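Student: If you scroll down you'll find the structure; I have some questions about it.
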């Protein structure tokens, strides 16, 4: 395993982390034993950076992780997130009608204790605000998060899908260690202003969905997704963009095959290639895909490789939005 430094800390995290959401939520049927086996394999492979959130299956993902986290606490740097709540108590995705965001200091105090209880630990290593609450000043949210650090419940603070302005305001209240945002060869919003901002401040970028939500592996299986698969709601898997993305994925996968790797590995290698201050967290619930992801660490990309990738992207520009309209309202605030 290769390691990368986290922000302005001395923490050394695996260059590729593990996104755990799909083990309990959003991507079709869950298999607890398979997920637990994958978590153990992650440890064996040196993946010490695990990511979850209280919204994933309404806390069930944190409970699942605790079964491997607790007996291996000293080997794992655990990140979780707070803020999304469900009006009827039924877990759903960020843009669903019954989902809302709560970044209030009152909820933060409750949310952290609930996460600690489910994870069965005393301290969360990295605690993110899952979004920026448009109805509450970010300074108030981060001020309440800073109190958790003083209380010993949290070690480091992070934001997710925050604008440059919000990042700066937050960092003035308490050092922000990591920014989690979607970043892949298809989602490059952070390159406009966000990446330069966090680099100026010494904040690590933690890309989620670095594999474009499995598009390079699963675009031809979209019609077979389970009814509860989150991707059914995404524009990139719908009529307007589906054909464009099928053609894009085919050419991209052919390019990867010419290098002797899979499209998913090439996509992940591209993200890793964007800087040593970037630690992607591809999600999986299967050992085979975990091992494939880790192998991407050893893929080197030449300038001609990067040019070839850019040429494919320019050829198929109609990829579609990364989220539906409801979810997009909560990003880059």
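In our numbering, the protein residues as written are -18 to 314.
Every residue gets a Cβ at the ideal spot worked out from N, C-alpha and C, and that includes glycine.
Fair warning: this is a prediction, and the values are worked out from it, not measured in the lab.
#1: Take residue 129 as the anchor and find which of 144, 116, 114, 106 has the nearest alpha-carbon.
#2: Buried or exposed: where does residue 34 fall if 16 or more other Cβ atoms within 10 Å of its Cβ makes it buried?
#3: If distances are taken between C-alpha atoms only, which option among 148, 79, 192 comes closest to residue 178?
#4: Does the region 15 to 23 touch the region 90 to 99, meaning 3 or more C-beta pairs lie closer than 8 Å?
#5: State the Cα-Cα distance for the pair residue 196 and residue 279, rounded to the nearest angstrom.
#6: Looking only at its own chain, which residues have a Cβ that is under 7 Å from the Cβ of residue 23, when we skip the five neighbours before and after it?
#7: Since residue 127 is in the alpha helix (DSSP H), which residue starts that stretch and which ends it?
#8: Short check: CB of residue 198 to CB of residue 245, under 9 Å?
#9: In chain order, what residues of the same chain have a beta carbon less than 7 Å from the beta carbon of residue 150, not counting five sequence neighbours either side?
#10: Would you call the region 217 to 227 and the region 251 to 265 touching, i.e. three or more CB-CB distances under 8 Å?
#11: Between residue 53 and the rest of its own chain, which residues show a CB-CB distance below 7 Å, the 5 nearest in sequence each way excluded?
#12: If we ignore side chains and look at the alpha-carbon of each, how far apart do residue 116 and residue 85 end up?
#13: Who are the near neighbours of residue 81 in its chain, counting only those whose CB is closer than 7 Å to its CB and skipping five residues on each side?
#14: Looking only at DSSP bridge pairs, what is residue 87 linked to?
#15: State yes or no: is the C-beta of residue 297 within less than 9 Å of the C-beta of residue 229?
#16: With burial defined as no fewer than 16 other Cβ atoms inside 10 Å of the residue's Cβ, what is the status of residue 242: buried or exposed?
#17: Do you know offhand how far residue 299's Cα is from residue 217's?
#18: As an exercise, report each continuous beta strand (DSSP E) stretch of at least 3 residues that is fully enclosed by the region 224 to 261, in chain order.
#19: By the three-class DSSP mapping on this structure, what secondary structure does residue 197 have?
#20: Quick check on the DSSP output: the beta strand (DSSP E) that includes residue -5 runs from which residue to which?
#21: Check whether the Cβ atoms of residue 139 and residue 110 lie closer than 9 Å to each other.
Tutor: Inspection of the coordinates gives the following:
#1: To locate residue 129, count along the chain shown from 1; it is residue 148. Of 144, 116, 114, 106, the residue nearest in Cα terms is 106.
#2: Walking along the chain shown from the start, residue 34 turns up at place 53. So residue 34 ends up on the buried side.
#3: Locating residue 178 in the chain shown gives position 197, counting from the first residue. With distances taken between Cα atoms, residue 178 lies closest to 148.
#4: no
#5: Working through the chain shown from its first residue, we reach residue 196 at position 215. Working through the chain shown from its first residue, we reach residue 279 at position 298. Going by the C-alpha atoms only, they are around 22 Å apart.
#6: Numbered from its first residue, the chain shown carries residue 23 at position 42. Hits under 7 Å: -1, 271.
#7: Looking up residue 127 in the chain shown gives position 146. It spans 119 to 131 - the alpha helix (DSSP H) in which residue 127 sits, taken as one unbroken run.
#8: If you number the chain shown from 1, residue 198 lands on position 217. If you number the chain shown from 1, residue 245 lands on position 264. In contact: residue 198 and residue 245 (Cβ atoms closer than 9 Å).
#9: On the chain shown, position 169 is the one that residue 150 refers to. Excluding sequence neighbours, residue 150 sits near 119, 120.
#10: no
#11: The sequence position of residue 53 within the chain shown is 72, counting from 1. Answer for residue 53: 24, listed in chain order.
#12: Taking the chain shown and counting its residues from 1, one reaches residue 116 at position 135. Taking the chain shown and counting its residues from 1, one reaches residue 85 at position 104. Rounded to whole angstroms, residue 116 to residue 85 spans 9 Å at the Cα level.
#13: What you label residue 81 is simply residue 100 of the chain shown in a count that begins at 1. These residues qualify, in order along the chain: 66, 68.
#14: Sequence index remark: in the chain shown, residue 87 carries index 106 (1-based). For residue 87, which the question treats as bridged, DSSP gives no partner whatsoever.
#15: Your numbering for residue 297 matches position 316 in the chain shown. Your numbering for residue 229 matches position 248 in the chain shown. It is a contact, given that the beta carbons lie within the stated cut-off.
#16: Within the chain shown, numbered from 1, the residue matching residue 242 stands at position 261. Residue 242 should be labelled buried.
#17: As a working mapping, residue 299 is identified with position 318 in the chain shown. As a working mapping, residue 217 is identified with position 236 in the chain shown. Cα to Cα, the separation comes out at about 9 Å.
#18: none
#19: Here residue 197 is taken as the residue at index 216 of the chain shown, counted from 1. It is helical.
#20: Sequence index remark: in the chain shown, residue -5 carries index 14 (1-based). Residue -5 -> beta strand (DSSP E) spans -7 to -5.
#21: Looking up residue 139 in the chain shown gives position 158. Looking up residue 110 in the chain shown gives position 129. Yes, they are a contact pair.
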